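Asker: Residue numbers (this note's numbering): 439 to 631.
1) Whole-angstrom Cβ separation of residue 542 and residue 512, contact assumed at under 8 angstroms?
2) Less than 6 angstroms between C-beta atoms, sequence neighbours within five positions excluded: which residues of the same chain meet that for residue 478?
3) Please list the segments of the beta strand (DSSP E) lying wholly inside the stretch 476 to 540, counting only runs of 3 or more residues, in order along the chain.
4) Which word fits residue 532, buried or exposed, when buried means at least 16 other C-beta atoms lie within 10 angstroms of its C-beta?
5) Within 10 angstroms of the Cβ of residue 570, are there 16 or more other Cβ atoms? Answer buried if so, exposed if not.
6) Apart from the five residues on each side of it in sequence, which residues of its chain come closer than 8 angstroms, Cβ to Cβ, to residue 586?
7) Is residue 604 helix, strand or coil when you go by DSSP?
8) To the nearest angstrom, report how far apart residue 629 and residue 614 are at their CA atoms.
9) Which residue marks the beginning of the beta strand (DSSP E) containing residue 558, and which one marks its end?
10) From 564, 601 and 473, pick the residue whose C-alpha is nearest to that of residue 497; which is it?
11) Quick check: residue 588 and residue 602, are their CB atoms within less than 9 angstroms of each other?
12) Would you kindly check if the distance between the Cβ of residue 492 and the Cβ of residue 469 is under 9 angstroms?
13) Of the residues 593, 580 and 562, which one's Cα is nearest the Cα of residue 572?
14) Helix, strand or coil for residue 612, going by three-state DSSP, please let me know.
15) On the CB-based measure, 16 or more other CB atoms within 10 Å of its CB, does residue 564 come out buried or exposed?
16) Using 10 angstroms around the beta-carbon of residue 598, count the other beta-carbons present and answer buried if the total reaches 16, otherwise exposed.
17) Per DSSP, which one or two residues make a beta bridge with residue 468?
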């Protein structure tokens, strides 16, 4: 694993990695906490400004691109697995919290639109950043997009290609553009029955 600009930042723990893993700091005061038996492959973590915290729980298996801007927090719970590269952005003091034993495939998560939309009458921003929370044992299928301010309850499933702009209750199946709850009181199993 390659670490760029560690001075003034902190990494606690050592993951199991391939040679295509990078942690890059572009400021100071950032912290990465890596649990036991974390496996990273073709993984990039970039802190774009000073500050920020990333916590990777025990037994995670991750691939993809994580970005933290400013004093934001990104937490991924124990034994969560990214089957295909995922892209996650936590920006401007927001947080992304992902629970334990989740399963993702080529998912994109972002807490910001990255460009301000301003009301010209009041000169105020009308699209503020907002945190995202994903519960335990959530399955986000291939090419799911999760946008700011959303929470997804424990045990839920989001179907492939969905765009989630509203929260999903626990043990629900949601899909579509925008994603809507199609069925409640469901669960999922990693193995076929």
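Glycine included, C-beta positions come from ideal geometry on N, C-alpha and C.
Just so it is clear, the structure is predicted and the values come from calculations on it, not from any experiment.
Answerer: Concretely, from the data shown:
1) The count along the chain shown starts at 1 and reaches residue 542 at position 104. The count along the chain shown starts at 1 and reaches residue 512 at position 74. Residue 542 to residue 512, Cβ: 14 angstroms. No contact.
2) Within the chain shown, numbered from 1, the residue matching residue 478 stands at position 40. The residues are 453, 455, 459 and 500.
3) 477 to 485, 491 to 494, 499 to 507, 511 to 514, 519 to 522, 524 to 529 and 533 to 536
4) If you number the chain shown from 1, residue 532 lands on position 94. Buried: at least 16 other Cβ atoms inside 10 Å.
5) Counting from one through the chain shown, the residue named residue 570 turns up at place 132. Buried: at least 16 other Cβ atoms inside 10 Å.
6) As a first step, residue 586 must be located in the chain shown, where it is residue number 148. Around residue 586: 532, 548, 549, 550, 551, 567, 568, 569 and 570.
7) The sequence position of residue 604 within the chain shown is 166, counting from 1. Of the three classes helix, strand and coil, the one that applies to residue 604 here is coil, per DSSP.
8) As a position in the chain shown, residue 629 is number 191, starting the count at 1. As a position in the chain shown, residue 614 is number 176, starting the count at 1. Each residue's Cα considered, the two are about 24 angstroms apart.
9) Your numbering for residue 558 matches position 120 in the chain shown. Careful: residue 558 lies outside any beta strand (DSSP E) and carries neither H nor E.
10) One-based indexing of the chain shown puts residue 497 at position 59. The option with the nearest alpha carbon to residue 497 is 473.
11) What you label residue 588 is simply residue 150 of the chain shown in a count that begins at 1. What you label residue 602 is simply residue 164 of the chain shown in a count that begins at 1. Yes, they are a contact pair.
12) Indexing the chain shown from 1 puts residue 469 at position 31. Indexing the chain shown from 1 puts residue 492 at position 54. Result yes, Cβ atoms of residue 469 and residue 492 sit closer than 9 angstroms.
13) The residue you call residue 572 lines up with position 134 of the chain shown. Among 593, 580 and 562, the Cα nearest to that of residue 572 is on 593.
14) Reading the chain shown from its first residue, position 174 is the one you call residue 612. The answer is strand: DSSP assigns residue 612 an E or B state.
15) By 1-based counting over the chain shown, the position of residue 564 is 126. Label assigned to residue 564: exposed.
16) One-based indexing of the chain shown puts residue 598 at position 160. Under this definition residue 598 is an exposed residue.
17) For the purposes of this step, residue 468 is taken as residue 30 along the chain shown, with counting starting at 1. In DSSP, residue 468 forms no bridge with anything.
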